[in-house]
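J.: Going by numbering that gives the first Met the number 0, the sequence shown opens with residue 0, and the numbers climb by one from there.
Glycine is no exception: its CB is placed at the ideal position from the N, C-alpha and C atoms.
Can you read through this structure? Questions will come right after.
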Amino acid sequence: MNYTEEILSDKKLIIVRMTGDYDAKLMDKLAIKFRKQAMDIGYCLICDISNGHNKITLNDGLKALKKYDKPEYKELKKVPVSVVARGPQYIFFKVVEQFLSNVGGDFKVFKEMDTAINWFSKRSHK
């Protein structure tokens, strides 16, 4: 798996684009890294996995999300995150979105990057 990072200072966004295969362990590691970075500078995070290949089972994904209930990770749950995904990945992350919204996470899934960026732009003007 490879990834690139882009910072849009004018929109206060960090965009991470992932390609190749990724599993729960790798996604969890990167999610923590980039959520911490976003939290430290007061930015939001977009993960574009539309060119990646999800190797995460739903069970593994939900287990990884339970980490955010631990005191040392609880603040990271508040970092606004969106995922750009298509096909089966989109459906998978819609389930994750529902789970996170039920436990107080700030997470949304989109099919297009522009829609994700616009969602954050609208939120920042409220």
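Can you tell me which of V108, D22 and G19 puts its alpha carbon nearest to the alpha carbon of P196?
T.: In the structure as shown, the chain starts at 0 and stops at 125, and residue 196 therefore has no counterpart that could be examined.
J.: I need the boundaries of the beta strand (DSSP E) containing E4, first residue and last residue.
T.: Counted from its first residue, the sequence shown places residue 4 at position 5. Where E4 is concerned, the enclosing beta strand (DSSP E) stretches over N1 to L7.
J.: Could you tell me the alpha carbon to alpha carbon distance between Y72 and A63, rounded to whole angstroms?
T.: Indexing the sequence shown from 1 puts residue 72 at position 73. Indexing the sequence shown from 1 puts residue 63 at position 64. C-alpha separation (whole angstroms): 12 Å.
J.: For S81, name the three-state secondary structure that DSSP assigns.
T.: Along the sequence shown, read from residue 1 onward, the residue named residue 81 stands at position 82. If DSSP states are grouped into helix, strand and coil, S81 belongs with the strands.
J.: At the level of alpha carbons, what is the spacing between N53 and Y21?
T.: Counting from one through the sequence shown, the residue named residue 53 turns up at place 54. Counting from one through the sequence shown, the residue named residue 21 turns up at place 22. Cα to Cα, the separation comes out at about 6 Å.
J.: May I have a chain-ordered list of the alpha helix (DSSP H) segments no shorter than 4 residues that lie completely inside the stretch 13-40?
T.: Listed in chain order, they are 23-40.
J.: Rounded to a whole number of angstroms, what is the C-alpha to C-alpha distance between M26 and I55?
T.: Looking up residue 26 in the sequence shown gives position 27. Looking up residue 55 in the sequence shown gives position 56. Cα to Cα, the separation comes out at about 9 Å.
J.: Among residues of its own chain, excluding the 5 on either side of A115, which ones have a beta-carbon nearer than 7 Å to its beta-carbon?
T.: Taking the first residue of the sequence shown as position 1, residue 115 is located at position 116. I45, S81, V83 and F109, listed in sequence order.
J.: Who are the near neighbours of M0 in its chain, counting only those whose CB is closer than 8 Å to its CB and skipping five residues on each side?
T.: Mapped onto the sequence shown, residue 0 falls at position 1. Closer than 8 Å at Cβ, skipping near neighbours: M17, T18, G19, D20, Y21, L25 and G51.
J.: Go ahead and label D47 buried or exposed: buried means 16 or more other beta carbons lie within 10 angstroms of its beta carbon, across all protein chains shown.
T.: What you label residue 47 is simply residue 48 of the sequence shown in a count that begins at 1. Answer is buried; the Cβ neighbour count reaches 16.
J.: What does a CB cutoff of less than 6 Å around L61 pick up in its chain, not counting 5 residues either side in sequence?
T.: As a position in the sequence shown, residue 61 is number 62, starting the count at 1. Here the set comprises nothing.
J.: Between which two residues does the beta strand (DSSP E) carrying K107 extend?
T.: To locate residue 107, count along the sequence shown from 1; it is residue 108. Its beta strand (DSSP E) spans residues F106 to F109.
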